[in-house]
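Chemist: Protein chains in written order, with UniProt numbering: chain A, 1 to 196; chain B, 1 to 196; chain C, 1 to 196; chain D, 1 to 196. Just so it is clear, CB atoms sit at the ideal spot from N, CA and C, and this is done for glycine as well. This structure is a prediction, so every number in the text was calculated from the model and none was measured.
There are 4 protein chains.
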Amino acid sequence: MSPLNRQQLNQIRDERREEIKQAALKVFARRGYTGTKMSLIAKEASISEGLIYRYFNSKKELFSTLIEELMEEARRELEHVQHLPGTPFEQIKNLTENMLDENNKYAFMLIERARKDDDVPENVTRIFEHLPTNGLIDLLVPVFIKGQQSSEFSPGEPRKLLTWYFTIVISLLTQEQEDEEYGLPDVEVLMRILTK
Amino acid sequence: MSPLNRQQLNQIRDERREEIKQAALKVFARRGYTGTKMSLIAKEASISEGLIYRYFNSKKELFSTLIEELMEEARRELEHVQHLPGTPFEQIKNLTENMLDENNKYAFMLIERARKDDDVPENVTRIFEHLPTNGLIDLLVPVFIKGQQSSEFSPGEPRKLLTWYFTIVISLLTQEQEDEEYGLPDVEVLMRILTK
Amino acid sequence: MSPLNRQQLNQIRDERREEIKQAALKVFARRGYTGTKMSLIAKEASISEGLIYRYFNSKKELFSTLIEELMEEARRELEHVQHLPGTPFEQIKNLTENMLDENNKYAFMLIERARKDDDVPENVTRIFEHLPTNGLIDLLVPVFIKGQQSSEFSPGEPRKLLTWYFTIVISLLTQEQEDEEYGLPDVEVLMRILTK
Amino acid sequence: MSPLNRQQLNQIRDERREEIKQAALKVFARRGYTGTKMSLIAKEASISEGLIYRYFNSKKELFSTLIEELMEEARRELEHVQHLPGTPFEQIKNLTENMLDENNKYAFMLIERARKDDDVPENVTRIFEHLPTNGLIDLLVPVFIKGQQSSEFSPGEPRKLLTWYFTIVISLLTQEQEDEEYGLPDVEVLMRILTK
DNA sequence: GATGAATGAGCCTTCATTCAT
DNA sequence: TATGAATGAAGGCTCATTCAT
């Protein structure tokens, strides 16, 4: 007799939750934790302010959830790099292009802000304390070493070069310069850092 | 009756104003506009909250003043590069080291945040609308061209290469990674972007 | 086409309405007007939140309805005392036991809260303004006087003694002390107030 | 050079804190925890809403502080009873009159509400879990026994009789019936419970 | 000039109420 | 009829700003 069955309701709930997360991602990424008003997220998601709280207990929880899920996603993507087709150079290039892609940009922007900003919920701070910046970098070290063996990459300490490289990549994508004159540097140019 | 004459009072005022700006710079740079409470600035400057308002009408004005003065300072510094001793490569290298220096870092961090963040007073947003990122870059183009003529720098469109280069430098210094494993990339490595 | 005829539907409606009132009584009595969330009533009645509004226009109306009906019920019960079997002493004792009985307790608790609490809808406040505490007491005065004539009750102003007595009885039953050491005072002890 | 010295400031702070507690006591006692809006307390104290938060971190803390201090005060008063002049009967009578006094009334009302109401901060609930209603009663048992030995009080289990007696007294003073016809029962009448 | 108490607008959050199904 | 998702007004709390001293 129920107007919608349980499965339909669950699906609606999941979709709505996903919409809220997408909206929150966009706003948090641009404005940071404190600078983001729940009303802005609500407007971005085209829903009322109150509704957010049926899906997330608080602004803090919404933010944390986002960060945790994005971190996990990033980890999966980095792990996956070694299974991409092509040489190590092509694998890293592929990853870089992916990171700079419009669709993934917000995710990395937000992670970056969450890591750098001081005005972030304590539990989020703790996530990054336990995971050093370059923690995820280790997943790429084997790929890089293979590239060094095939002389695609320049010699030198792998973790160090990779860390520098991704420091640059990540900081670049927080720039939002699409509409400006030259856009982001070509990936090929960026990769000079690794290839000399 | 007055124990201090007008000139001394003015000097005290100026010093106090400067202290407040220094404190504000530090806190704004780390926490952004919205994330910064006036009470934090007061504490950083070791004064009472109310006193700030004797020197600046509002948080917004304090922030704007800071940005405007830092922009002017940056402009002066860039203009001065061509008068530095040494070759164009050495001049740019010198500038870069200066930017990454601990003492100047906050200034560039703050400018960077002010330019990127969305939660910033409207009049500050307007400053950057009228001044494209690479507006200041034009000041360096003559130096770069001289370096190209002497083959210190790689050929290519000067504004484009310089823009990419400083995009990277500026975004790097917002990272605050002193305490981490590898620190910032060596300036020499960064300049590969310009020299190939 | 309809599987139930109008009469059956009406009966269901009435039963449902009654269930909601019972649930509301329990929750309002324990938590007061402001402290009671509609969601708690819904849960207590094992129905959805929205459904309550098919039967009552608002929380306020639900509360008022409850109070009015309970007041009427109380009035009927007090009126009925004189027709109970036994002496005046036994009649009053019987009434007292009835009031302290687990099943009737919530009703008196709620009336008591509605009368004392300040955070109650205005129209409920008005009910009690027009009806002094001891308004209902008058119904018992004849019984009491009969008891005085038969020397069951001590001499003294009947309304005054009865008011004091029921002030005590009613305030006692708001105590909810079942789980504590001594429970409520014996009715016999309480009635010393009336018998000296 | 400071306009007010530290001692003066501390005194102002203490007075203000006390004013807020007095106002809060009055409003909480009448309206309960949930039913009390901070704005009402502010109005009662003739200050702004925000100022309360310079003295108490939250509504919850204000409430808890109040309860804890009142409990401690009550304990002291009960302990003191045995040192009052007069016979045990007179000592208890004195205490009772004290409790029913207009000035102390709110304190007992609030304690009573805090103990009975369900919508109260968790830490307050815990205070009463660890301290049974009649926990404080034990302080009076020696006095009562002395009164039994001198035949001022009726025989019977002291804790039980005292508990019943104070259950009645406390619930009476929550009644707020000053303006009504008969006021509260005479203390002498109440004490019949103890003297038979 | 300097302090910190005081104010009140605005943000996060809750919950009575409405609405689509 | 029944459900629970959705809304928005209002309350708790923060913090930029003002003010008395």
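Does the structure place the stretch 31-44 of chain A close enough to the stretch 29-45 of chain B that three or more beta carbon pairs sit under 8 Å?
Modeler: Enough Cβ pairs lie closer than 8 Å, so yes.
Chemist: Below 8 Å on the Cβ atoms is my contact criterion, and I expect PHE63 (chain A) with VAL124 (chain A) to pass it. Report the Cβ-Cβ distance as a whole number of Å.
Modeler: 7 Å
Chemist: Consult DSSP for GLN8 (chain A) and reduce its assignment to one of helix, strand or coil.
Modeler: GLN8 (chain A): helix per DSSP, three-state reduction.
Chemist: How long is the line joining the alpha carbons of LEU172 (chain D) and ASP186 (chain D), rounded to whole angstroms?
Modeler: 11 Å
Chemist: Starting from LEU84 (chain C) and walking both ways along the alpha helix (DSSP H), at which residues does that stretch end?
Modeler: No alpha helix (DSSP H) contains LEU84 (chain C), which DSSP labels as neither H nor E.
Chemist: What is the DSSP secondary structure of GLU157 (chain A), reduced to helix, strand or coil?
Modeler: Assignment of GLU157 (chain A) by DSSP, reduced to helix, strand and coil, places it in the coil class.
Chemist: Using a Cβ-Cβ cutoff of 7 Å, what residues of the stretch 146-174 of chain D are near chain C? List them in chain order.
Modeler: Only those residues of the stretch 146-174 of chain D whose C-beta falls short of 7 Å from the nearest C-beta of chain C are listed: LYS160, THR163, TRP164, THR167, ILE168, SER171, LEU172 and THR174.
Chemist: Does the contact criterion of 3 or more C-beta pairs under 8 Å hold for the stretch 18-28 of chain C versus the stretch 47-64 of chain C?
Modeler: yes
Chemist: Starting from the N-terminal side, write out each stretch of the alpha helix (DSSP H) that is 4 residues or longer and does not extend beyond the stretch 83-143 of chain B.
Modeler: 88-100, 102-116 and 122-130
Chemist: Report the CB separation of LYS146 (chain B) from PRO85 (chain B) in whole angstroms; it is logged as a contact under 8 Å.
Modeler: Not a contact, Cβ separation roughly 14 Å.
Chemist: Since ALA107 (chain B) and GLU68 (chain B) are thought to touch, with beta carbons under 8 Å apart, how far apart are those beta carbons, to the nearest angstrom?
Modeler: With a Cβ gap of about 12 Å, ALA107 (chain B) and GLU68 (chain B) do not count as contacting.
Chemist: Return the first residue and the last residue of the alpha helix (DSSP H) that GLU188 (chain C) is part of.
Modeler: 187-190
Chemist: Mind checking which residues open and close the alpha helix (DSSP H) that includes LYS43 (chain B)?
Modeler: 38-44
Chemist: Residue range of the alpha helix (DSSP H) that GLU49 (chain D) falls in?
Modeler: 49-55
Chemist: Confirm, please, whether the CB-CB distance from MET191 (chain B) to LYS93 (chain B) is below 8 Å.
Modeler: yes
Chemist: What in chain D is Cβ-close to VAL141 (chain C), meaning under 7 Å?
Modeler: The contacting residues do not exist; VAL141 (chain C) stays about 13 Å from chain D at best.
Chemist: Using 10 angstroms around the beta-carbon of GLU49 (chain C), count the other beta-carbons present and answer buried if the total reaches 16, otherwise exposed.
Modeler: exposed
Chemist: Listing by chain order, which chain D residues have their CB less than 8 Å from the CB of PRO185 (chain C)?
Modeler: Simply TRP164, THR167, ILE168 and ILE193.
Chemist: Measure the C-alpha to C-alpha separation of ASP138 (chain D) and LEU110 (chain D) and round it to an integer number of angstroms.
Modeler: 21 Å
Chemist: Tell me whether the beta-carbon of VAL169 (chain C) lies closer than 8 Å to the beta-carbon of THR96 (chain C).
Modeler: yes
Chemist: In chain order, what residues of the UniProt domain "HTH tetR-type" (14-74) of chain D put their CB closer than 7 Å to some CB of chain C?
Modeler: ARG30, ARG31, GLY32, THR34 and GLY35
Chemist: Take GLU112 (chain D) and list the residues in its own chain whose beta-carbon comes closer than 6 Å to its own, dropping the five residues that flank it on each side.
Modeler: ILE170 and THR174
Chemist: When the Cα of LEU136 (chain C) is compared with those of C:SER39, C:ILE193, C:PHE166 and C:GLN8, which residue comes out closest?
Modeler: C:PHE166
Chemist: Using a Cβ-Cβ cut-off of 6 Å (strictly less than) and excluding sequence neighbours within five positions of residue 197 (chain D), which residues of its own chain qualify?
Modeler: Since the displayed chain D opens at 1 and closes at 196, residue 197 (chain D) lies outside it and no answer follows.
Chemist: Under 8 Å Cβ-Cβ, which residues of chain C neighbour VAL189 (chain D)?
Modeler: TRP164 and ILE193
Chemist: Using a Cβ-Cβ distance under 8 Å, would ASP138 (chain B) count as near chain A?
Modeler: ASP138 (chain B) does not count as touching chain A.
Chemist: Relative to the C-alpha of THR163 (chain B), which candidate in B:GLU188, B:SER150, B:GLN148 and B:ILE193 has its C-alpha closest?
Modeler: B:ILE193
Chemist: Shorter than 8 Å from the beta carbon of LYS105 (chain C) to some beta carbon of chain D?
Modeler: no
Chemist: Among residues of its own chain, excluding the 5 on either side of GLU152 (chain D), which ones have a beta-carbon nearer than 8 Å to its beta-carbon?
Modeler: THR87, PRO88, PHE89 and THR195
Chemist: State the CB to CB distance for the pair ILE41 (chain A) and VAL27 (chain A), rounded to an integer number of angstroms; the pair is presumed to be in contact (CB under 8 Å).
Modeler: 5 Å
Chemist: Between the C-alpha atoms of LYS160 (chain B) and VAL189 (chain A), what's the straight-line distance to the nearest angstrom?
Modeler: 12 Å
Chemist: Mapping the DSSP letters down to three states, classify TYR182 (chain C) as helix, strand or coil.
Modeler: coil
Chemist: Would you decide whether GLU178 (chain A) is buried or exposed? Buried here means 16 or more other CB atoms lie within 10 Å of its CB.
Modeler: With a pLDDT of only 46 at GLU178 (chain A), under 50, the local geometry of the prediction cannot be trusted, and the value read off the model is given with reservation. Looking at its Cβ environment, which holds fewer than 16 other Cβ atoms inside 10 Å, GLU178 (chain A) is exposed.
Chemist: Helix, strand or coil, according to DSSP, for GLU152 (chain A) in the structure here?
Modeler: coil
Chemist: Kindly list, in the order they appear in chain D, the residues whose Cβ is closer than 8 Å to that of ASP118 (chain C).
Modeler: Residues of chain D passing the Cβ test: ARG30, ARG31 and GLY35.
Chemist: Mind checking ALA114 (chain B): buried by the 16 CB within 10 Å criterion, or exposed?
Modeler: buried
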